[in-house]
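Asker: Next up is a structure, given as structure tokens.
2 protein chains.
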Amino acid sequence: MTRFHWTCESTDGAARAGTLHTAHGPVATPTFMPVGTVGTVKAMTMDAVRSTGAGIVLGNTYHLMLRPGAERVRALGGLHRFMDWPGPILTDSGGFQVMSLGALRRLDQDGVTFRSHIDGSEHRLTPERSTAIQHALDATITMCFDECPALPAPPEAIAASMRLSMRWAARSREAYVQREGYGQFGIVQGGTEPELRAESIKALTDVGFEGYAIGGLAVGEGQALMFATLEATTPLMPQDKPRYLMGVGTPDDLLGGVMRGVDMFDCVMPTRAGRTARAYTERGTLNLRNARHAADARPISPHCDCLACTRHGRAYLHHLFRANEILGPMLLTWHNIAYYQRLMRQMREAIGTGTLQSLADILRAGWEASDWTEDEMPQPAIPLAP
Amino acid sequence: MTRFHWTCESTDGAARAGTLHTAHGPVATPTFMPVGTVGTVKAMTMDAVRSTGAGIVLGNTYHLMLRPGAERVRALGGLHRFMDWPGPILTDSGGFQVMSLGALRRLDQDGVTFRSHIDGSEHRLTPERSTAIQHALDATITMCFDECPALPAPPEAIAASMRLSMRWAARSREAYVQREGYGQFGIVQGGTEPELRAESIKALTDVGFEGYAIGGLAVGEGQALMFATLEATTPLMPQDKPRYLMGVGTPDDLLGGVMRGVDMFDCVMPTRAGRTARAYTERGTLNLRNARHAADARPISPHCDCLACTRHGRAYLHHLFRANEILGPMLLTWHNIAYYQRLMRQMREAIGTGTLQSLADILRAGWEASDWTEDEMPQPAIPLAP
Chain D
1 MTRFHWTCES TDGAARAGTL HTAHGPVATP TFMPVGTVGT VKAMTMDAVR STGAGIVLGN
61 TYHLMLRPGA ERVRALGGLH RFMDWPGPIL TDSGGFQVMS LGALRRLDQD GVTFRSHIDG
121 SEHRLTPERS TAIQHALDAT ITMCFDECPA LPAPPEAIAA SMRLSMRWAA RSREAYVQRE
181 GYGQFGIVQG GTEPELRAES IKALTDVGFE GYAIGGLAVG EGQALMFATL EATTPLMPQD
241 KPRYLMGVGT PDDLLGGVMR GVDMFDCVMP TRAGRTARAY TERGTLNLRN ARHAADARPI
301 SPHCDCLACT RHGRAYLHHL FRANEILGPM LLTWHNIAYY QRLMRQMREA IGTGTLQSLA
361 DILRAGWEAS DWTEDEMPQP AIPLAP
Chain B
1 MTRFHWTCES TDGAARAGTL HTAHGPVATP TFMPVGTVGT VKAMTMDAVR STGAGIVLGN
61 TYHLMLRPGA ERVRALGGLH RFMDWPGPIL TDSGGFQVMS LGALRRLDQD GVTFRSHIDG
121 SEHRLTPERS TAIQHALDAT ITMCFDECPA LPAPPEAIAA SMRLSMRWAA RSREAYVQRE
181 GYGQFGIVQG GTEPELRAES IKALTDVGFE GYAIGGLAVG EGQALMFATL EATTPLMPQD
241 KPRYLMGVGT PDDLLGGVMR GVDMFDCVMP TRAGRTARAY TERGTLNLRN ARHAADARPI
301 SPHCDCLACT RHGRAYLHHL FRANEILGPM LLTWHNIAYY QRLMRQMREA IGTGTLQSLA
361 DILRAGWEAS DWTEDEMPQP AIPLAP
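Chains D and B supply the protein sequences, listed in that same order. Per UniProt numbering, the very first residue in the first sequence carries number 1; after that it's consecutive. Per UniProt numbering, the very first residue in the second sequence carries number 1; after that it's consecutive.
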């Protein structure tokens with residue numbers, strides 16, 4: 001059996017490249033985890049997800065406890081078997097979704113009572129219950145149940161919320177059943193206040209987890225403040241444990257996060273964008289519904305090996321979205337996840353060769369440049385039929 | 001280059017097994033053609049379509065002329081390149097869709113003027129225009145433009161409509177540009193009147209086409225009358241040319257059609273059913289939204305090699321449809337097309353060995369039997385996680 005641990009293979013400034021070893025296989029870090037909220041990465045088969053090079057995916061406690069139910073998933077062999085992903089799975093604790101989706105929440109020191117956004121039925125999550133659900137789902141990585149305060153909030157409210165989350169983290173750890181190759185992550189809270197972040201890290205490391213997440217960012221504070229908070233936070237986190245920045249972000253956010261010592265990310269952006277015709281590329285984003293793509297036989301990106309880019313032109317994608325065909329979201333989600341995975345691969349390689357800053361300059365210049373011209377990416381030669 | 005022709009390899013009663021040779025490759029017949037109305041078989045990648053063994057797919061003149069436009073498709077290299085299907089494509093002439101979808105139709109002896117169901121813009125289709133559009137799309141098989149009368153209608157109306165369609169067939173042939181390996185099919189009309197069908201066949205064979213379709217059936221007349229009409233029609237059709245029964249049908253319709261000498265079929269049923277949780281199986285249809293599948297780890301069918309059946313249980317499909325996840329329609333459409341292709345393969349093999357009647361008995365008994373019991377198809381052994 002594999003012990004759950006992270007090995008650092010190279011560093012470049014604050015950035016780290018390494019491998020997360022788990023019961024369900026290894027994951028090269030830094031890594032981006034596609035979001036499979038209810039047991040499916042929306043609009044993708046798991047074969048397609050695998051083909052992009054993704055090493056680990058997310059599931060969600062809140063959604064899966066409501067439908068189909070954690071015990072149902074357990075009886076069916078766990079989330080890996082259920083969704084056909086034998087690799088590692090990280091499950092969100094449900095804390096964030098209770099706050100953003102659950103109705104009629106009642107928070108007390110013990111946990112949260114809420115009504116399902118699906119059918120209004122009443123449910124309760126506590127650190128113990130969230131941990132047990134994640135166990136039933138067979139999550140490779142279990143997250144601590146935490147409280148996510150609505151922002152903006154006064155510093156005292158942020159502090160009180162963080163301290164509640166730290167007590168819940170200790171209870172989550174108590175409830176966690178250690179298994180070889182599995183791990184549990186504590187979640188650093190404290191808003192954008194460095195002292196609160198430091199206090200949170202101290203509380204979590206006193207308990208001791210297999211990894212540490214940074215929560216409560218990317219909630220509207222802006223990229224500059226997020227990066228400043230990371231700079232004040234990651235240096236205080238254990239050097240030998242993986243660091244996960246929750247719910248982040250754009251390609252530029254990922255780059256900035258990696259350069260500040262983050263190893264793991266998740267975000268719905270690439271999948272959600274794929275369903276709304278927005279393509280991520282080395283030249284920023286494109287809206288494929290835009291009329292300028294209607295007759296363009298070129299791929300979305302000349303650098304992409306996804307099904308959309310190797311077999312179809314932009315004109316076809318444009319047509320699919322205009323005609324509201326399911327294949328549009330299928331192909332474009334695939335493309336976006338492929339782009340995110342390619343980006344992470346480039347960053348891992350650059351860290352290995354000590355060239356992350358130069359990669360960052362190239363990436364940022366690309367994102368700020370406009371779409372490829374026809375000189376840079378010519379129209380393909382298309383023989384016309386007889 | 002390949003001459004467009006059909007070779008008969010074996011017969012079993014009226015049923016025929018053979019090969020359709022085309023510029024875009026051979027097709028084993030009898031064959032079922034998945035419907036790719038606007039340049040996509042809904043909810044499937046073309047790789048998935050290929051994996052089911054499908055040999056030829058459909059496109060639609062009416063839909064493609066409105067969006068993205070036939071000249072656009074031509075400029076992008078034709079429908080094969082556009083939709084990533086290098087194999088044969090048959091295009092519907094648009095006649096049926098003008099009648100069922102177009103608004104404010106005005107029919108005259110020359111053609112039909114109608115308004116688009118998408119944006120209300122005015123368009124006109126004539127035999128010449130429909131044929132030119134199908135040429136621009138680069139259809140392997142071009143269909144004659146015909147008039148499809150709304151039923152029920154008095155015999156005189158059916159006769160007048162059929163005779164108009166025969167004049168249009170002659171004009172479609174005039175407009176058709178012969179190309180090596182390509183073909184054009186005439187469409188036999190005449191409702192359920194054997195004399196009208198005979199007159200129609202005479203008119204079409206006097207012109208001469210590479211194949212002959214049977215139109216105007218499966219429009220509400222019922223299976224018994226459809227089969228009776230086929231029995232009066234196919235014996236009068238050329239023996240050495242492929243026969244295509246348009247818009248048909250259920251698995252039982254396909255079996256009955258093959259046993260009455262039909263070689264080609266198309267229908268939206270398996271794809272449409274796949275989007276509404278209905279699965280075709282050897283034991284009839286299942287509704288995967290039904291609560292009885294919620295905890296069932298067994299595949300939809302023990303005989304199916306599609307992605308849904310080889311990787312997932314019914315419980316997962318049930319969950320996807322309950323949660324309105326796109327992967328539900330993706331997996332179930334794949335399953336249904338795989339089922340239809342397996343059915344056609346079984347029929348081709350049975351014709352080759354002269355056992356079609358015995359296959360028919362087995363198939364019908366299965367469709368009438370209820371779902372597999374757990375004795376017949378046991379729950380898979382699922383090891384529970386630690």
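Glycine residues also receive a C-beta, built at the ideal position from the N, C-alpha and C atoms. All figures in this text were calculated on a predicted structure; none of them were measured in a lab.
Assuming B:GLU195 is part of the alpha helix (DSSP H), what are its boundary residues?
Answerer: Residue numbering aside, residue 195 of chain B sits at position 195 when the second sequence is read from its first letter. Per DSSP, B:GLU195 belongs to the alpha helix (DSSP H) from 194-207.
Asker: Between D:PRO26 and D:GLY87, what straight-line distance do the alpha-carbon atoms span, to the nearest angstrom?
Answerer: Taking the first residue of the first sequence as position 1, residue 26 of chain D is located at position 26. Taking the first residue of the first sequence as position 1, residue 87 of chain D is located at position 87. D:PRO26 and D:GLY87: Cα-Cα distance of roughly 8 Å.
Asker: What residues from the segment 315-327 of chain D come within 9 Å of chain B, judged by C-beta to C-beta, listed N to C?
Answerer: Residues ALA315, TYR316, HIS318, HIS319, LEU320, ARG322, ALA323, GLU325, ILE326, LEU327.
Asker: When you check each C-beta in the segment 29-56 of chain D against every C-beta of chain B, which residues fall closer than 8 Å?
Answerer: Per Cβ criterion, the list reads VAL38, GLY39, THR40, LYS42, ALA43, MET44, THR45, MET46, ASP47.
Asker: Measuring alpha carbon to alpha carbon, tell me which residue in B:ALA218, B:ALA277, B:LEU288 is nearest B:GLY257.
Answerer: Indexing the second sequence from 1 puts residue 257 of chain B at position 257. The shortest C-alpha separation from B:GLY257 is found at B:ALA218.
Asker: Buried or exposed: where does D:PRO242 fall if 16 or more other Cβ atoms within 10 Å of its Cβ makes it buried?
Answerer: Position 242 of the first sequence holds residue 242 of chain D. Buried: at least 16 other Cβ atoms inside 10 Å.
Asker: Within 8 Å of any Cβ in chain B, is that where the Cβ of D:HIS312 sits?
Answerer: For the purposes of this step, residue 312 of chain D is taken as the residue at position 312 of the first sequence. D:HIS312 counts as touching chain B.
Asker: I think D:MET143 touches D:SER100, with their Cβ atoms under 8 Å apart; what is that distance to the nearest whole Å?
Answerer: Stepping through the first sequence from its first residue, residue 143 of chain D is reached at position 143. Stepping through the first sequence from its first residue, residue 100 of chain D is reached at position 100. Incorrect: roughly 15 Å between the Cβ atoms, too far for contact.
Asker: Distance check for B:HIS63 and B:SER121, CA to CA, integer angstroms please.
Answerer: Reading the second sequence from its first residue, position 121 is the one you call residue 121 of chain B. Reading the second sequence from its first residue, position 63 is the one you call residue 63 of chain B. The alpha-carbon atoms of B:SER121 and B:HIS63 are separated by roughly 13 Å.
Asker: Around the C-beta of B:GLU282, are 16 or more other C-beta atoms found within 10 angstroms, so that it is buried, or is it exposed?
Answerer: In the second sequence, residue 282 of chain B corresponds to position 282, counting from 1. By the 10 Å Cβ count, B:GLU282 comes out buried.
Asker: Would you verify that the beta carbon of B:GLY78 is, or is not, closer than 8 Å to some beta carbon of chain D?
Answerer: Counting from one through the second sequence, the residue named residue 78 of chain B turns up at place 78. Closer than 8 Å: yes.
Asker: Does the CB of B:LEU58 have a neighbour CB from chain D at under 8 Å?
Answerer: As a first step, residue 58 of chain B is located in the second sequence; it is residue number 58 there, counting from the start. No, its Cβ sits nowhere closer than 8 Å to a Cβ of chain D.
Asker: So with Cβ pairs under 8 Å, would you call B:PHE4 a contact of chain D?
Answerer: Taking the first residue of the second sequence as position 1, residue 4 of chain B is located at position 4. B:PHE4 does not count as touching chain D.
Asker: Identify every run of the alpha helix (DSSP H) within the segment 132-194 of chain B, keeping only runs that are complete inside it and at least 4 residues long; order them along the chain.
Answerer: Segments of the alpha helix (DSSP H) lying fully in the segment 132-194 of chain B: 155-175.
Asker: May I ask you to report which of helix, strand or coil DSSP gives B:ASP47?
Answerer: The residue you call residue 47 of chain B lines up with position 47 of the second sequence. Residue state, collapsed to three classes: helix.
Asker: Terminal residues of the continuous beta strand (DSSP E) containing D:MET33?
Answerer: Along the first sequence, read from residue 1 onward, the residue named residue 33 of chain D stands at position 33. Per DSSP, D:MET33 belongs to the beta strand (DSSP E) from 31-33.
Asker: Taking the alpha-carbon positions, what's the B:GLU147 to B:TYR340 distance?
Answerer: The residue you call residue 147 of chain B lines up with position 147 of the second sequence. The residue you call residue 340 of chain B lines up with position 340 of the second sequence. Cα-Cα distance, rounded: 29 Å.
Asker: Cα separation between B:GLY366 and B:ALA279?
Answerer: The count along the second sequence starts at 1 and reaches residue 366 of chain B at position 366. The count along the second sequence starts at 1 and reaches residue 279 of chain B at position 279. Answer to the nearest angstrom: the Cα atoms are 14 Å apart.
Asker: Which bits of chain D does B:ARG173 rub up against, with CB to CB less than 9 Å?
Answerer: Against the second sequence, residue 173 of chain B aligns to sequence position 173. Within chain D, no residue comes near B:ARG173; the closest Cβ sits about 18 Å away, beyond 9 Å.
Asker: Taking the beta strand (DSSP E) that B:GLU282 falls in, what are its first and last residues?
Answerer: Translated into the one-based positions of the second sequence, residue 282 of chain B becomes position 282. Looking at the DSSP string, B:GLU282 is not in any beta strand (DSSP E), and its letter there is neither H nor E.
Asker: For D:ARG124 and D:ALA139, I'd like the C-alpha separation in whole angstroms.
Answerer: On the first sequence, position 124 is the one that residue 124 of chain D refers to. On the first sequence, position 139 is the one that residue 139 of chain D refers to. Taking the straight line joining both Cα atoms gives about 20 Å.
Asker: Where do the N-terminal and C-terminal ends of the beta strand (DSSP E) with D:SER10 fall, by residue?
Answerer: As a first step, residue 10 of chain D is located in the first sequence; it is residue number 10 there, counting from the start. Counting along the chain, the beta strand (DSSP E) containing D:SER10 begins and ends at 5-12.
Asker: Distance check for D:PHE4 and D:ALA23, CA to CA, integer angstroms please.
Answerer: Here residue 23 of chain D is taken as the residue at index 23 of the first sequence, counted from 1. Here residue 4 of chain D is taken as the residue at index 4 of the first sequence, counted from 1. Distance between the alpha carbons of D:ALA23 and D:PHE4 is about 7 Å.
Asker: Mind listing which residues of the segment 342-373 of chain D have their C-beta closer than 7 Å to chain B's C-betas, in chain order?
Answerer: Taking 7 Å as the Cβ-Cβ cut-off against chain B, none of the residues of the segment 342-373 of chain D qualify.
Asker: Cβ closer than 8 Å: which chain B residues qualify as neighbours of D:LEU307?
Answerer: Within the first sequence, the letter at position 307 stands for residue 307 of chain D. By Cβ distance, chain B contributes THR45, ASP47.
Asker: Please check if any C-beta of chain B sits within less than 8 Å of the C-beta of D:MET330.
Answerer: Taking the first sequence and counting its residues from 1, the one referred to as residue 330 of chain D is at position 330. It does; some Cβ of chain B falls within 8 Å.
Asker: How long is the line joining the alpha carbons of B:ALA198 and B:MET269, rounded to whole angstroms?
Answerer: Taking the first residue of the second sequence as 1, we reach residue 198 of chain B at position 198. Taking the first residue of the second sequence as 1, we reach residue 269 of chain B at position 269. Rounded to the nearest angstrom, the two C-alpha atoms are 29 Å apart.
Asker: Please name the residue in D:TRP372, D:ARG311, D:LEU359, D:GLN346 whose C-alpha comes closest to that of D:THR31.
Answerer: One-based indexing of the first sequence puts residue 31 of chain D at position 31. If we check each option's Cα against that of D:THR31, D:GLN346 comes out closest.
Asker: Where does D:ASP92 fall in DSSP's three states?
Answerer: Within the first sequence, the letter at position 92 stands for residue 92 of chain D. Three-state result, D:ASP92: strand.
Asker: So is B:SER172 buried or exposed if we call it buried at 16+ other beta carbons inside 10 Å?
Answerer: Taking the second sequence and counting its residues from 1, the one referred to as residue 172 of chain B is at position 172. B:SER172 is buried by the Cβ-count criterion.
Asker: Where D:GLY313 and B:GLU231 are concerned, what is the direct C-alpha to C-alpha distance, given to the nearest angstrom?
Answerer: Residue numbering aside, residue 313 of chain D sits at position 313 when the first sequence is read from its first letter. Residue numbering aside, residue 231 of chain B sits at position 231 when the second sequence is read from its first letter. Cα-Cα distance, rounded: 46 Å.
Asker: Would a C-beta distance cut-off of 8 Å place D:ILE141 and D:SER165 closer than the cut-off?
Answerer: Locating residue 141 of chain D in the first sequence gives position 141, counting from the first residue. Locating residue 165 of chain D in the first sequence gives position 165, counting from the first residue. Cβ distance not < 8 Å, so D:ILE141 and D:SER165 don't count as in contact.
Asker: From D:ALA381 to D:ASN287, what distance separates their C-alpha atoms?
Answerer: On the first sequence, residue 381 of chain D is found 381 positions in, with the first residue counted as 1. On the first sequence, residue 287 of chain D is found 287 positions in, with the first residue counted as 1. Cα-Cα distance, rounded: 24 Å.
Asker: At a Cβ threshold of 8 Å, is D:ARG179 touching chain E?
Answerer: This model lacks chain E altogether, as its protein chains are D and B.
Asker: Kindly give me the distance between the Cβ atoms of B:GLY261 and B:ARG16, rounded to whole angstroms, as I take these residues to be in contact under 8 Å.
Answerer: In the second sequence, the residue the question calls residue 261 of chain B occupies position 261. In the second sequence, the residue the question calls residue 16 of chain B occupies position 16. Right, their Cβ atoms sit about 6 Å apart.
Asker: At a Cβ threshold of 8 Å, is B:ARG72 touching chain D?
Answerer: Taking the second sequence and counting its residues from 1, the one referred to as residue 72 of chain B is at position 72. So yes, B:ARG72 belongs to the interface.
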